[in-house]
Amino acid sequence: MISKKNILQSEPFDDIMIIGVSSSDTDFVMAWHLNNLLRLNLTKKQNLKFTDQKLSEELSFYYYNQGENGSTFNLVMLNKMVIGVTKLPQSTDFLLIIRNNLTNLPIEQFKRTIRTIPKVILSYMIEWEKFKGLDTLLEQVDLHELSIERNKKRLPLRVPR
238 MISKKNILQS
248 EPFDDIMIIG
258 VSSSDTDFVM
268 AWHLNNLLRL
278 NLTKKQNLKF
288 TDQKLSEELS
298 FYYYNQGENG
308 STFNLVMLNK
318 MVIGVTKLPQ
328 STDFLLIIRN
338 NLTNLPIEQF
348 KRTIRTIPKV
358 ILSYMIEWEK
368 FKGLDTLLEQ
378 VDLHELSIER
388 NKKRLPLRVP
398 R
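In our numbering, the protein residues as written are 238 to 398.
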């Protein structure tokens, strides 16, 4: 009798859009512009520790969650070492990662609006399936986001006196 093996397969990163941005701005200036123009509320969180077989880097990380039925936004500032590992175009300085409930979002309008930011050279859609090294970064962004949410729920509530 042949024994059956249970195999768990999952679809990698469904419902995700990534906008690559080339800009000479600093991370907090870019986040400020995105918050004002796209009506987001990106907040600075603990740096993302990107580790790969070849390197270990800390990347600036911003996070905004619209709630249970909304979208999640991450802004990650890249450096030349990470760009080399992910095989992204050299001109990519930031990734705006948008997940969940993408049907209601005007992505093309987002790209056009991002292009109006001073010092932004270009913004474009990244087809993440084409960049094999990007999987590792997306997995680590997911895990980092989960740790942020877990730590947020652990904080004790203050009772007013």
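Think of the CB as a built atom: it goes at the ideal place given N, C-alpha and C, for glycine as much as any other residue.
On a predicted model such as this, the values are computed, not experimentally measured, just so you know.
For I255, count neighbouring Cβ atoms within 10 angstroms of its own Cβ and tell me buried if that reaches 16, exposed if not. buried
Residue ranges of each beta strand (DSSP E) run of no fewer than 3 residues wholly in the region 280-363, ordered along the chain? 285-288, 293-296, 298-302, 309-314, 331-336, 357-363
So for S259, helix, strand or coil by DSSP? strand
Below 8 Å on the Cβ atoms is my contact criterion, and I expect L325 with I335 to pass it. Report the Cβ-Cβ distance as a whole number of Å. With a Cβ gap of about 17 Å, L325 and I335 do not count as contacting.
How far does the alpha helix (DSSP H) with F265 in it reach, from first residue to last? 264-275
Please state whether the Cβ-Cβ distance between V258 and F287 is less than 8 Å. no
For the candidate residues P355, E376, S308, I344, whose alpha-carbon lies nearest to that of Y361? I344
Any idea if S297 is buried or exposed, counting beta-carbon neighbours within 10 angstroms, 16 or more meaning buried? buried
Kindly indicate which residue of N273, F265, G370 has the alpha-carbon position closest to the one of F347. Ranked by Cα distance from F347, the first of N273, F265, G370 is N273.
Here's the rule: buried if 16 or more other CB atoms are within 10 angstroms of the residue's CB, otherwise exposed. What is L375? buried
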